[in-house]
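What follows is a set of notes on a single structure, which appears directly below.
There are 2 protein chains.
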Amino acid sequence: MNKERPVILVTNDDGITAPGLHALVDAVKDLGQVLVVAPDSPQSGMGHAITLNHLLRLDKVDVYGEHDWYQCSGTPVDCVKLAIDKLLHRKPDLCISGINHGSNSSINVIYSGTMSAAMEGAIEGIPSAGFSLLNHSLDADFSGAKVVARKVAMNILEYGLPSGCLLNVNIPDLPIAQLKGMKICRQAMAKWKEEFDERVDPMRRKYYWLTGKFINNDKGEDTDEWALGNGFVSVVPVQFDFTAHHAIPYLNEQRYEL
Amino acid sequence: MNKERPVILVTNDDGITAPGLHALVDAVKDLGQVLVVAPDSPQSGMGHAITLNHLLRLDKVDVYGEHDWYQCSGTPVDCVKLAIDKLLHRKPDLCISGINHGSNSSINVIYSGTMSAAMEGAIEGIPSAGFSLLNHSLDADFSGAKVVARKVAMNILEYGLPSGCLLNVNIPDLPIAQLKGMKICRQAMAKWKEEFDERVDPMRRKYYWLTGKFINNDKGEDTDEWALGNGFVSVVPVQFDFTAHHAIPYLNEQRYEL
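Those sequence lines, one after another, are chains A and B. Take 8 as the starting number for the first sequence in our numbering and just add one per residue. Take 8 as the starting number for the second sequence in our numbering and just add one per residue.
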């Protein structure tokens with residue numbers, strides 16, 4: 008790796024052939040030395056899963072041009088771990104994930120492989136961010152999202168990020184001229200209401216598909232959902248200290264004793 | 008379900024045959040009406056993964072005696088979602104996960120299927136907790152952990168939990184008489200240092216196993232690691248608002264604009 012240019016690790020959860028990944032590489036390729044390590048198949052909804060009970064493959068892929076591209080048989084988090092331990096042998100200067108096909112705002116941050124890959128980067132002490140476009144389709148227009156991703160990457164490379172924090176960046180599905188700007192937000196307290204789709208297979212056994220409705224009862228104007236609904240790019244700082252510090256005094260008053 | 012007794016949903020990530028799951032059911036079975044929905048195979052390290060690209064099976068298992076036991080082909084989080092939407096058709100009064108074979112303290116909370124199942128319960132608004140014993144072996148002695156799990160479950164049923172928070176309970180591998188008590192803690196800021204084990208298969212292709220070393224540079228005496236190292240059961244309140252609220256003013260001073 009070139010010592011003078013920043014090293015940028017790029018991954019995603021939609022897999023190595025996803026247009027959003029190629030858009031992200033395209034957006035940052037002149038900012039540094041790019042290394043891509045991405046799952047060899049779609050890994051949406053994998054959250055912070057790691058591969059403990061199966062072996063992992065990591066293979067160079069020669070079909071995507073000038074940069075170093077690797078595909079990995081594991082999860083997005085595995086990709087980040089393997090990239091650092093087996094390819095870079097050092098921390099990259101920036102770890103970015105995406106551009107995800109579909110939103111990772113609000114509670115989706117918890118289920119998202121895209122965001123978990125960026126969170127793994129942050130746990131490793133690397134300035135990290137995940138990017139998502141609010142359009143699930145394979146032929147989505149990433150032109151606006153690329154401008155956003157490039158700007159955020161430049162900001163992080165210039166200013167860094169507070170310790171223990173990464174960015175969750177969601178981008179409305181709008182032409183760049185219609186985006187109203189970026190807004191630093193908190194995660195909206197929304198959730199999914201499950202509605203499993205129940206079916207019967209040809210052997211007459213029941214099976215299910217996970218589906219649901221997104222329900223947002225958090226009307227705060229400081230949330231990512233509000234920003235996205237009003238034409239702003241949402242930027243949520245995310246932490247991996249999950250401690251509910253505010254609950255500690257309350258619990259100390261209860262009888263947690265043997 | 009009996010309307011007078013609390014409904015207790017029990018799950019885990021080690022799978023439906025794991026001794027720790029049976030120990031947890033045994034610990035709480037007289038506190039309410041127990042429903043078990045657990046993965047049909049080990050799901051350690053699955054984090055908050057959900058199954059989006061595969062169908063899900065959910066089958067009643069008749070071999071475990073008096074309670075309702077179901078096995079699910081999906082992740083621990085899928086188990087909680089399916090239990091609520093397809094079996095209970097209501098929120099249970101308590102959602103508990105474990106007893107995990109091995110620690111889920113500190114950063115392990117992020118990778119843990121056990122803790123993610125409990126977190127999914129909390130997202131659904133159910134008082135929830137995950138339990139882990141610091142012993143990986145299948146023939147571990149769960150007698151002390153059972154006393155702890157029962158006490159915590161009774162506490163939660165009696166006092167509830169602060170909104171938006173669940174409990175991460177880790178139990179030293181000691182006889183009950185040697186446990187010094189329970190300690191409400193914060194998550195230690197420790198991490199794993201990866202050391203992938205590189206091998207070559209009979210076709211001469213490389214593959215990897217994920218291994219690593221746990222490194223704790225957080226010497227705080229208010230952490231779960233300190234508590235566990237000093238003979239206490241650690242009880243960490245965990246939240247699913249991942250926003251790094253302290254970082255918002257800092258980011259607002261930087262140029263996050265288009």
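For glycine and all other residues, C-beta sits at the position ideal for the given N, C-alpha and C.
Residue i and residue j look like a contact to me (Cβ under 8 Å); what is the Cβ gap, rounded to whole Å?
i                      : j                      : result
residue 54 of chain B  : residue 54 of chain A  : 4 Å
residue 57 of chain B  : residue 118 of chain A : 5 Å
residue 2 of chain B   : residue 244 of chain A : With chain B covering only 8 through 265, there is no way to say anything about residue 2 of chain B.
residue 59 of chain B  : residue 52 of chain A  : 4 Å
residue 20 of chain B  : residue 124 of chain B : 7 Å
residue 32 of chain A  : residue 17 of chain A  : 6 Å
residue 105 of chain B : residue 27 of chain B  : 6 Å
Give the single residue among the options whose Cα lies nearest to the Cα of residue i.
i                      : options                    : result
residue 114 of chain B : B:22, B:147, B:225, B:50   : B:225
residue 23 of chain B  : B:132, B:152, B:50         : B:50
residue 204 of chain A : B:63, B:45, B:11, B:47     : B:63
residue 176 of chain B : B:196, B:184, B:152, B:187 : B:152
residue 4 of chain A   : A:94, A:11, A:12           : The structure shown does not extend to residue 4 of chain A, since chain A is modelled only from 8 to 265, so the question has no answer here.
residue 233 of chain A : A:215, A:197, A:201        : A:197
residue 266 of chain B : A:263, A:69, A:29          : No answer is possible for residue 266 of chain B: it lies beyond the span of chain B, which begins at 8 and ends at 265.
residue 181 of chain B : B:237, B:20, B:86          : B:237
residue 135 of chain A : A:79, A:201, A:254, A:246  : A:246
residue 256 of chain B : A:219, A:240, A:265, A:190 : A:190
residue 239 of chain A : A:185, A:216, A:36, A:144  : A:185
residue 220 of chain A : A:99, A:199, A:228, A:227  : A:199
residue 75 of chain A  : A:40, A:120, A:172, A:84   : A:40
residue 230 of chain A : B:213, B:216, B:223, B:250 : B:250
residue 126 of chain B : B:164, B:227, B:86         : B:86
residue 128 of chain A : A:102, A:120, A:145, A:38  : A:102
residue 38 of chain A  : A:179, A:106, A:70, A:165  : A:165
residue 183 of chain A : B:253, B:265, B:26, B:174  : B:265
Along the beta strand (DSSP E) that carries residue i, what are the first and last residues, could you check?
i                      : result
residue 45 of chain B  : 40-46
residue 175 of chain B : 172-178
residue 248 of chain A : Element bounds for residue 248 of chain A: n/a, residue is neither H nor E.
residue 231 of chain A : Careful: residue 231 of chain A lies outside any beta strand (DSSP E), inside the alpha helix (DSSP H) at 231-236.
residue 78 of chain A  : 75-79
residue 16 of chain A  : 14-18
residue 206 of chain A : 204-207
residue 221 of chain A : 219-222
residue 189 of chain A : 189-191
residue 135 of chain A : 135-140
residue 104 of chain B : 101-108
Could you pull the start and end residues of the alpha helix (DSSP H) that residue i belongs to?
i                      : result
residue 157 of chain B : 150-166
residue 123 of chain A : 120-130
residue 257 of chain B : 255-259
residue 88 of chain A  : 83-89
residue 31 of chain A  : 26-35
Below 7 Å on C-beta distance, what does residue i contact in chain D?
i                     : result
residue 56 of chain B : Considering every chain present, this structure includes no chain D. Its protein chains are A and B.
Does the Cβ of residue i have 16 or more other Cβ atoms within 10 Å, making it buried, or fewer, making it exposed?
i                      : result
residue 111 of chain B : buried
residue 132 of chain B : exposed
residue 160 of chain B : buried
residue 309 of chain A : Absent from the structure is residue 309 of chain A, since the part of chain A shown begins at 8 and ends at 265.
residue 3 of chain B   : There is simply no residue 3 of chain B to check, as chain B begins at 8 and stops at 265 in what is shown.
residue 48 of chain B  : exposed
residue 139 of chain B : buried
residue 29 of chain A  : buried
residue 73 of chain A  : exposed
residue 211 of chain B : exposed
residue 88 of chain B  : buried
residue 9 of chain A   : Because the pLDDT at residue 9 of chain A is just 43, under 50, the model does not fix this residue reliably, and the point stays unresolved.
residue 141 of chain A : buried
residue 5 of chain B   : The structure shown does not extend to residue 5 of chain B, since chain B is modelled only from 8 to 265, so the question has no answer here.
residue 42 of chain B  : buried
residue 80 of chain B  : buried
residue 155 of chain A : buried
Report the neighbours of residue i on chain B: residues whose CB is nearer than 9 Å to its CB, in chain order.
i                      : result
residue 242 of chain A : 258, 263
residue 39 of chain A  : By Cβ distance, chain B contributes nothing, its closest Cβ being about 19 Å from residue 39 of chain A, past 9 Å.
residue 136 of chain A : By Cβ distance, chain B contributes nothing, its closest Cβ being about 11 Å from residue 136 of chain A, past 9 Å.
I want to verify the contact list: residues of chain A whose CB lies under 7 Å from the CB of residue i, in sequence order.
i                      : result
residue 23 of chain B  : Simply none; closest approach about 16 Å.
residue 49 of chain B  : 60
residue 158 of chain B : 265
Using a C-beta to C-beta distance shorter than 8 Å, which residues of chain A count as neighbours of residue i?
i                     : result
residue 85 of chain B : 217
residue 92 of chain B : 201, 202, 203
Could you tell me whether any non-hydrogen atom of the ligand NAD is closer than 6 Å to the CB of residue i?
i                      : result
residue 213 of chain A : This structure lacks the ligand NAD, and indeed carries no ligand of any kind.
Chain A partners of residue i, CB-CB under 9 Å?
i                      : result
residue 3 of chain B   : What is shown of chain B runs 8 to 265, which leaves residue 3 of chain B out entirely.
residue 226 of chain B : Result: empty, since nearest Cβ-Cβ is about 16 Å, beyond 9 Å.
residue 211 of chain B : Simply none; closest approach about 13 Å.
What in chain B is Cβ-close to residue i, meaning under 8 Å?
i                      : result
residue 196 of chain A : 171, 248
residue 180 of chain A : The contacting residues do not exist; residue 180 of chain A stays about 15 Å from chain B at best.
residue 97 of chain A  : Those within 8 Å of residue 97 of chain A in chain B number zero; the least Cβ separation is about 13 Å.
residue 186 of chain A : 265
Note down, in chain order, every chain B residue with its Cβ under 7 Å from the Cβ of residue i.
i                      : result
residue 118 of chain A : 55, 57
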